[in-house]
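Residue numbers (UniProt numbering): 1 to 259.
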């Protein structure tokens, strides 16, 4: 009889093997991991230049480049993790012939890989800020770390729901693309919530990424403030989507294997 400890070791081995497979397939070109840093850095630099033409220097006490960096890191953390997790079940379908490999292993592997890549990217961006002499003291590092972990869990939960839905209705991938494209403009990446009149805030604050980005800026700069956003809302939304995604997986995972 197989013990729980032996099952845990086998599961760990499966996830590690899938992690190496995903890592090799993701960075198999000449740029490798460097592209994961160059892409957001180029976007941040370009958007910072455009925003600088509009508003000049600091944005509500936050330096322009840091303001754009926080927004872009939040946006790309969500979109890349969502894309990777939502397609992981389909990418690893041939491996489900092995009894030890289950869809949840592919989901966890994809999410952990994107999380690891983003940690490296944030460290490289922090080094770039130091070289640019844009250093600052983070107001609440624990809140910033908590928001980053919370966003990762939220992204995996949404990705898992899309992965299950796409297993039954492949056209869901097109809907996912339609939903993610406008996030750049409605998630407080290019602008601040404080730039808009308060009567327009309810049209944006339904988006959890707005709360993540604005709270992350507040965690870095206390003077930025957190008016209009709520940490309680982000936690509640993350817990709800995590519960829904795991419930969907528990009910449908055997049927997903047979699709």
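For glycine and all other residues, C-beta sits at the position ideal for the given N, C-alpha and C. Nothing here was measured: the structure is a model prediction, and the numbers come from that model.
Discussion item. Using CA atoms only, rank isn't needed, just tell me which of 174, 99, 153, 157 is closest to residue 10.
Written reply: In the chain shown, residue 10 corresponds to position 10, counting from 1. Out of 174, 99, 153, 157, 99 has the C-alpha closest to the C-alpha of residue 10.
Discussion item. What residue range does the alpha helix (DSSP H) around residue 95 cover?
Written reply: By one-based count along the chain shown, residue 95 stands at place 95. Per DSSP, residue 95 belongs to no alpha helix (DSSP H) and is neither H nor E.
Worksheet item: Can you tell which of 226, 220, 180 has the C-alpha that lies nearest to the C-alpha of residue 201?
Response: Here residue 201 refers to the residue found at position 201 of the chain shown. The option with the nearest alpha carbon to residue 201 is 226.
Worksheet item: Looking only at C-alpha atoms, which of 67, 21, 239 sits nearest to residue 50?
Response: In the chain shown, counting from the first residue as 1, residue 50 sits at position 50. The shortest Cα separation from residue 50 among 67, 21, 239 belongs to 67.
Item to complete: Kindly identify the DSSP beta-bridge partner or partners of residue 59.
Response: Numbered from its first residue, the chain shown carries residue 59 at position 59. DSSP lists 62 as partners of residue 59.
Worksheet item: Which residue comes first and which comes last in the alpha helix (DSSP H) that contains residue 253?
Response: In the chain shown, the residue the question calls residue 253 occupies position 253. Residue 253 -> alpha helix (DSSP H) spans 231-257.
Worksheet item: Is it a yes or a no for the segment 109-117 touching the segment 210-222, going by three-plus beta-carbon pairs under 8 Å?
Response: no
Discussion item. Quick check: residue 193 and residue 204, are their CB atoms within less than 8 Å of each other?
Written reply: Taking the chain shown and counting its residues from 1, one reaches residue 193 at position 193. Taking the chain shown and counting its residues from 1, one reaches residue 204 at position 204. Contact flag set, yes.
Worksheet item: Hey, would you say residue 207 sits closer than 8 Å to residue 189, going by beta carbons?
Response: Taking the chain shown and counting its residues from 1, one reaches residue 207 at position 207. Taking the chain shown and counting its residues from 1, one reaches residue 189 at position 189. Not closer than 8 Å, so no.
Practice prompt. Report the rounded CA-to-CA distance for residue 44 versus residue 65, giving the unit in angstroms.
Written response: Taking the first residue of the chain shown as position 1, residue 44 is located at position 44. Taking the first residue of the chain shown as position 1, residue 65 is located at position 65. In a straight line, the C-alpha of residue 44 is about 7 Å away from that of residue 65.
Item to complete: Quick one: grab the DSSP three-state call for residue 195.
Response: What you label residue 195 is simply residue 195 of the chain shown in a count that begins at 1. In this structure, residue 195 counts as helix in the three-state DSSP scheme.
Worksheet entry | Residue closest to residue 62, alpha-carbon to alpha-carbon, out of 151, 134, 237 | Working through the chain shown from its first residue, we reach residue 62 at position 62. Among 151, 134, 237, the Cα nearest to that of residue 62 belongs to 134.
Worksheet item: Looking only at its own chain, which residues have a Cβ that is under 8 Å from the Cβ of residue 72, when we skip the five neighbours before and after it?
Response: Your numbering for residue 72 matches position 72 in the chain shown. Excluding sequence neighbours, residue 72 sits near 40, 43, 44, 47, 189.
Discussion item. Using beta carbons (cut-off 8 Å, strictly below), is residue 250 in contact with chain D?
Written reply: The structure shown contains no chain D; it is built from a single protein chain.
Worksheet item: Between which two residues does the alpha helix (DSSP H) containing residue 182 stretch?
Response: Taking the first residue of the chain shown as 1, we reach residue 182 at position 182. It is not in any alpha helix (DSSP H) - residue 182 carries neither H nor E in the DSSP assignment.
Worksheet item: Would the beta-carbon of residue 187 fall within 8 Å of that of residue 75?
Response: The count along the chain shown starts at 1 and reaches residue 187 at position 187. The count along the chain shown starts at 1 and reaches residue 75 at position 75. In contact: residue 187 and residue 75 (Cβ atoms closer than 8 Å).
Worksheet item: In whole angstroms, what is the alpha-carbon distance linking residue 97 and residue 229?
Response: Mapped onto the chain shown, residue 97 falls at position 97. Mapped onto the chain shown, residue 229 falls at position 229. For residue 97 and residue 229, the distance between alpha carbons rounds to 46 Å.
Practice prompt. Would you mind working out which of 70, 81, 238 sits nearest residue 126, comparing C-alpha positions?
Written response: Sequence index remark: in the chain shown, residue 126 carries index 126 (1-based). Residue 126 has its Cα closest to that of 70, out of 70, 81, 238.
Discussion item. Please classify residue 177 as buried or exposed, where buried requires at least 16 other C-beta atoms within 10 Å of its C-beta.
Written reply: For the purposes of this step, residue 177 is taken as the residue at position 177 of the chain shown. Exposed.
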